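S.K.: Chains as they are written, first to last, in this note's numbering: chain A, 399 to 792; chain B, 2 to 383. Idealized CB from N, CA, C, for every residue including glycine. Computed from a predicted structure; not experimentally measured.
1. Taking a contact to mean a Cβ-Cβ separation below 8 Å, would you say residue 552 of chain A touches residue 624 of chain A in this structure?
2. Determine the extent of the alpha helix (DSSP H) in which residue 20 of chain B is found, giving its start and end residues.
3. Please determine, among B/247, B/133 and B/128, the residue with the shortest C-alpha to C-alpha distance to residue 190 of chain B.
4. Look at residue 361 of chain B and residue 245 of chain B and say whether their C-beta atoms are less than 8 Å apart.
5. Would you mind telling me which residues of chain B sit closer than 9 Å to residue 709 of chain A, beta carbon to beta carbon, in chain order?
6. Taking Cβ-Cβ distances below 7 Å as the criterion, which residues of the region 316 to 330 of chain B are in contact with chain A?
7. Between the C-alpha atoms of residue 232 of chain B and residue 467 of chain A, what's the straight-line distance to the nearest angstrom?
8. Report yes if the CB atom of residue 426 of chain A is closer than 8 Å to the CB atom of residue 567 of chain A, and no otherwise.
9. Compare the C-alpha of residue 99 of chain B against each of B/239, B/301, B/289 and B/334 and name the closest.
10. Considering only their Cβ atoms, is the gap separating residue 152 of chain B from residue 218 of chain B smaller than 8 Å?
11. Closer than 8 Å, CB to CB, is residue 694 of chain A near chain B or not?
12. Can you tell me the Cα-Cα spacing of residue 656 of chain A and residue 353 of chain B, whole angstroms?
13. Is there a Cβ from chain A that is less than 8 Å from the Cβ of residue 294 of chain B?
14. Are there any heavy atoms of the ligand SAH lying less than 7 Å away from the beta-carbon of residue 676 of chain A, as far as the coordinates show?
15. Could you tell me if residue 211 of chain B is buried or exposed, where buried requires 16 or more neighbouring beta carbons within 10 angstroms of its beta carbon?
16. Give me the Cα-Cα distance between residue 429 of chain A and residue 444 of chain A, rounded to the nearest whole angstrom.
17. Using only CA atoms, which one of A/472, A/442 and A/500 lies nearest to residue 465 of chain A?
18. Please report the Cβ distance between residue 82 of chain B and residue 67 of chain B, rounded to the nearest whole angstrom; I am assuming they are in contact, meaning their Cβ atoms lie under 8 Å.
19. In chain A, which residues lie with their C-beta within 7 Å of the C-beta of residue 277 of chain B?
20. Can you name the residues of chain B whose CB is closer than 8 Å to the CB of residue 680 of chain A?
21. Based on the DSSP secondary-structure assignment, which residues constitute the bridge partners of residue 696 of chain A?
22. Would you report the Cα separation of residue 135 of chain B and residue 181 of chain B, rounded to the nearest angstrom?
23. Could you name the residues of chain B that residue 675 of chain A contacts, counting a contact when the two beta carbons are closer than 8 Å?
24. Please list the terminal residues of the continuous beta strand (DSSP E) segment that includes residue 527 of chain A.
25. Spell out a yes or no on whether the region 540 to 559 of chain A and the region 509 to 519 of chain A are touching, meaning 3 or more CB-CB pairs, one atom from each, closer than 8 Å.
26. Nearest to residue 85 of chain B by CA position, among B/102, B/69, B/28 and B/48, is which residue?
27. Does residue 706 of chain A get closer than 8 Å to chain B when you measure Cβ to Cβ?
28. Smallest Cα separation from residue 455 of chain A: which of A/666, A/474 and A/469?
29. Give the residues of chain B in contact with residue 685 of chain A, contact being defined as C-beta atoms less than 9 Å apart.
30. Using the C-alpha atoms, what's the distance from residue 276 of chain B back to residue 291 of chain B?
31. Beta carbon of residue 802 of chain A, beta carbon of residue 759 of chain A: below 8 Å?
32. Determine whether the Cβ of residue 656 of chain A lies closer than 8 Å to any Cβ atom of chain B.
33. Please give the ranges of any beta strand (DSSP E) in the region 416 to 482 of chain A, keeping only runs that are unbroken, at least 3 residues long and fully inside the region.
34. Mind checking which residues open and close the beta strand (DSSP E) that includes residue 604 of chain A?
35. Please identify, using Cβ separations under 7 Å, the residues of the region 255 to 279 of chain B that lie next to chain A, in order along the chain.
36. Can you look up residue 612 of chain A in the DSSP assignment and give me helix, strand or coil?
Following this line, the structure appears as structure tokens:
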């Protein structure tokens, strides 16, 4: 305990000394959230914060030191997180490397793959993307057709991936490919790591109804990937994918929890709908807001319960589908309610007559329509709960 | 405090479930209803519950309780909810014992809490009046000073377990107008005091309630619970604790109804397959499961707040959160479970109807979801 308190004091001192003052604020826009990578182009304080934290391995506090991580115990990592929160410090780095492929490599990757990729993830040098969905394989992901044919020490890849988040900004992709066309669909899939600069890879952003382009199509034409880049077993990729999907779903729900707009709905309603005796004048809007905030509070408690359960040694299971389902549905309701409260001021696309906050709110609402589709649709989450939790028959 | 049960709490939960499973079947609940039993519950079972220490879980040892936490009471209430037990726990423990704990003088606590914990005294709290709906501050029953004491007149409705209560805690107006939050006083009245008439009421869930009339009931100055004119705030604090406890019981009931229905989905065959293979039903079952998990988190969060000794404002918000959640969830589960059972679900012969009816009564006990949403908005200042 004394050691931990010393660690806390040292950590706090170090953070105060090394954290740029600009990083002690909430990011003003998505552009300030650091995903790293070769194409990284962030404001100077963001890059400096990444550099000092990466040097200590504190971008990945609990990863072993031999792979560049911080080598901290869970208790120390908690102290670090607490001290960062006290100083209102932003995470120095985010992304699929830290949250998805890194942990998977630690669990399942070969020693060579770990040594090659983990330090680059910790340093924020390489940004990862996820190649799962295909034009013909959305909810039915396991039907994917991207073909990988063995040619000596390499696989030759041909096919198309879609809904690849930020493929245009990423350096490497973890990708699901079909290595056996005869086997049942779940048993012929392999999990590979692919360098996006390989010849034959081309990327095209997809424009969404919101006007944003967070997703891309990725085309693969005779792309050569070393056999050594297989994670797990050949034809055992579905197991890897499932492990990661559970993780992704918790991450998505968590993303909707981090909200600094707790009072935003209330303030919006006061502004657009007026007040009566200090309360939001429209009792129907008031009830919808309260319902939403109370649902959110219950989800937050459920997330906390799940985290506490894991601390106590419970294994995370299919209940992550709850978070994905409920977190996204809630976010969509929230965005919709905001626009509805704004009335005609919620209809702007761009230009005069709308303030930037209103425009962003409308775009965010449009973007939110994808929440219940990406990362496994709401219907797929309900299928998973029905099958794996409730044991209902096929 | 983490939102996980400790090993001891898990053990208590298991033994409580076993006790309820072994001693309180739904057949017993049905028989109590159909036989027109004068008590509407089992005094024998009540004594056994007392012997297990269930009635005094949150009562301090100094007053004859176990001095344990709300989390312990939560797992016991959940087990009672699974069996739809009609024993007078809500009235005696959740309402009356908490009223005494929060507002009672040492003498009042000494007088009542030990007999309550021992299962020797049943107590009710009479606060609801015709037309007051969920607002406990709408009190027309009046108490006027006379001699050194008070004279109470008025009528209370749907007093939980009023017909078997030995002692009744009643709210009465001692100052102000009918809707004022201030000017309410709580009185401890023995049920056999002259002028008290109690008439049993029959509600859809066959759980026990009564009309309680006070006709010039004379009580001494020592009958006042808490301070004169300050009973409104005290009552609100008591109700918040009762809401949290009731939510735990509701959670157990909806869990049991859901499990019963999930089993039915796997065994009932139509079109040559179990009906649980139909996606139309699967998705609705999955949504119920999600509602149950969210309700469970809210129930645990609210109980934790009480164990952590959080301030009244925090407890009030959590009480409304959990009561709103469990009200909506239980009604949904009740409705869906009847629908999924099909024709048999609307027969009196099948047990699922008991849960369905209980859902509606529990929903409207201590405020429904709409009431608690509005209360939340007020507590949050909008």
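M.R.: Quick look at the numbers:
1. What you label residue 552 of chain A is simply residue 154 of the first chain in a count that begins at 1. What you label residue 624 of chain A is simply residue 226 of the first chain in a count that begins at 1. In this structure, residue 552 of chain A sits near residue 624 of chain A, with a CB-CB distance shorter than 8 Å.
2. Here residue 20 of chain B refers to the residue found at position 19 when the second chain is read from its first residue. Segment 8 to 24, the alpha helix (DSSP H) holding residue 20 of chain B.
3. Walking along the second chain from the start, residue 190 of chain B turns up at place 189. Nearest of B/247, B/133 and B/128 to residue 190 of chain B, Cα basis: B/128.
4. Position 360 of the second chain, counting from 1, holds the residue named residue 361 of chain B. Position 244 of the second chain, counting from 1, holds the residue named residue 245 of chain B. No, Cβ-Cβ distance for residue 361 of chain B and residue 245 of chain B is not below 8 Å.
5. The count along the first chain starts at 1 and reaches residue 709 of chain A at position 311. Neighbours of residue 709 of chain A on chain B, chain order: 3 and 5.
6. 322, 325 and 326
7. As a first step, residue 232 of chain B must be located in the second chain, where it is residue number 231. As a first step, residue 467 of chain A must be located in the first chain, where it is residue number 69. Distance between the alpha carbons of residue 232 of chain B and residue 467 of chain A is about 60 Å.
8. Along the first chain, read from residue 1 onward, the residue named residue 426 of chain A stands at position 28. Along the first chain, read from residue 1 onward, the residue named residue 567 of chain A stands at position 169. No, they are not a contact pair.
9. For this step, residue 99 of chain B is matched to residue 98 along the second chain. Nearest option by C-alpha distance: B/239.
10. By one-based count along the second chain, residue 218 of chain B stands at place 217. By one-based count along the second chain, residue 152 of chain B stands at place 151. Taking 8 Å as the Cβ cut-off, residue 218 of chain B and residue 152 of chain B qualify as a contacting pair.
11. If you number the first chain from 1, residue 694 of chain A lands on position 296. No - not a single Cβ of chain B is within 8 Å of the one on residue 694 of chain A.
12. Mapped onto the first chain, residue 656 of chain A falls at position 258. Mapped onto the second chain, residue 353 of chain B falls at position 352. At residue 656 of chain A the pLDDT is 48, less than 50, meaning the model places this residue with poor confidence; the figure from the coordinates comes in the next sentence. Spanning the two alpha carbons is a distance of roughly 40 Å.
13. Along the second chain, read from residue 1 onward, the residue named residue 294 of chain B stands at position 293. Yes - at least one Cβ of chain A is within 8 Å of the one on residue 294 of chain B.
14. Although the ligand SAH was asked about, the structure shown includes no ligands whatsoever.
15. Within the second chain, the letter at position 210 stands for residue 211 of chain B. Buried.
16. In the first chain, counting from the first residue as 1, residue 429 of chain A sits at position 31. In the first chain, counting from the first residue as 1, residue 444 of chain A sits at position 46. Rounded to whole angstroms, residue 429 of chain A to residue 444 of chain A spans 10 Å at the Cα level.
17. Taking the first residue of the first chain as 1, we reach residue 465 of chain A at position 67. The residue with the shortest Cα to Cα distance from residue 465 of chain A is A/500.
18. Here residue 82 of chain B refers to the residue found at position 81 when the second chain is read from its first residue. Here residue 67 of chain B refers to the residue found at position 66 when the second chain is read from its first residue. Between residue 67 of chain B and residue 82 of chain B the Cβ distance is about 20 Å, and since that is not below 8 Å, they are no contact.
19. The residue given as residue 277 of chain B occupies position 276 in the second chain. Those are 790 and 791, listed as they occur along chain A.
20. In the first chain, residue 680 of chain A corresponds to position 282, counting from 1. Within 8 Å Cβ-Cβ: nothing; residue 680 of chain A doesn't reach chain B, min ~11 Å.
21. Mapped onto the first chain, residue 696 of chain A falls at position 298. Bridge partners of residue 696 of chain A: none, in fact.
22. To locate residue 135 of chain B, count along the second chain from 1; it is residue 134. To locate residue 181 of chain B, count along the second chain from 1; it is residue 180. Going from the Cα of residue 135 of chain B to the Cα of residue 181 of chain B covers about 14 Å.
23. Locating residue 675 of chain A in the first chain gives position 277, where the first residue counts as 1. In chain order: nothing, as chain B lies at least about 11 Å away.
24. Locating residue 527 of chain A in the first chain gives position 129, counting from the first residue. It spans 526 to 529 - the beta strand (DSSP E) in which residue 527 of chain A sits, taken as one unbroken run.
25. no
26. Working through the second chain from its first residue, we reach residue 85 of chain B at position 84. Of the listed residues, the one whose Cα sits closest to residue 85 of chain B is B/28.
27. Within the first chain, residue 706 of chain A is the residue found at index 308, counting from 1. Yes, residue 706 of chain A counts as interfacial toward chain B.
28. Start at 1 with the first residue of the first chain, and residue 455 of chain A comes out as number 57. Looking at A/666, A/474 and A/469, the one whose alpha-carbon comes closest to that of residue 455 of chain A is A/469.
29. By one-based count along the first chain, residue 685 of chain A stands at place 287. Within 9 Å Cβ-Cβ: 371, 374, 375 and 378.
30. Counting from 1 along the second chain, the entry for residue 291 of chain B is found at position 290. Counting from 1 along the second chain, the entry for residue 276 of chain B is found at position 275. Straight-line Cα distance between these residues: approximately 20 Å.
31. Lying outside 399 to 792, the shown extent of chain A, residue 802 of chain A is not represented and no answer is given.
32. Mapped onto the first chain, residue 656 of chain A falls at position 258. Below a pLDDT of 50, predicted positions are generally treated as unreliable, and residue 656 of chain A, at 48, falls in that range; the measurement from the model is reported next regardless. No, residue 656 of chain A lies away from the interface with chain B (no Cβ there is under 8 Å from its Cβ).
33. The region 416 to 482 of chain A contains no whole beta strand (DSSP E) run of 3 or more residues.
34. Mapped onto the first chain, residue 604 of chain A falls at position 206. 599 to 604 is the extent of the beta strand (DSSP E) around residue 604 of chain A.
35. 263, 266, 267, 275, 277 and 278
36. The residue given as residue 612 of chain A occupies position 214 in the first chain. Reduced to three states, the DSSP call for residue 612 of chain A is coil.
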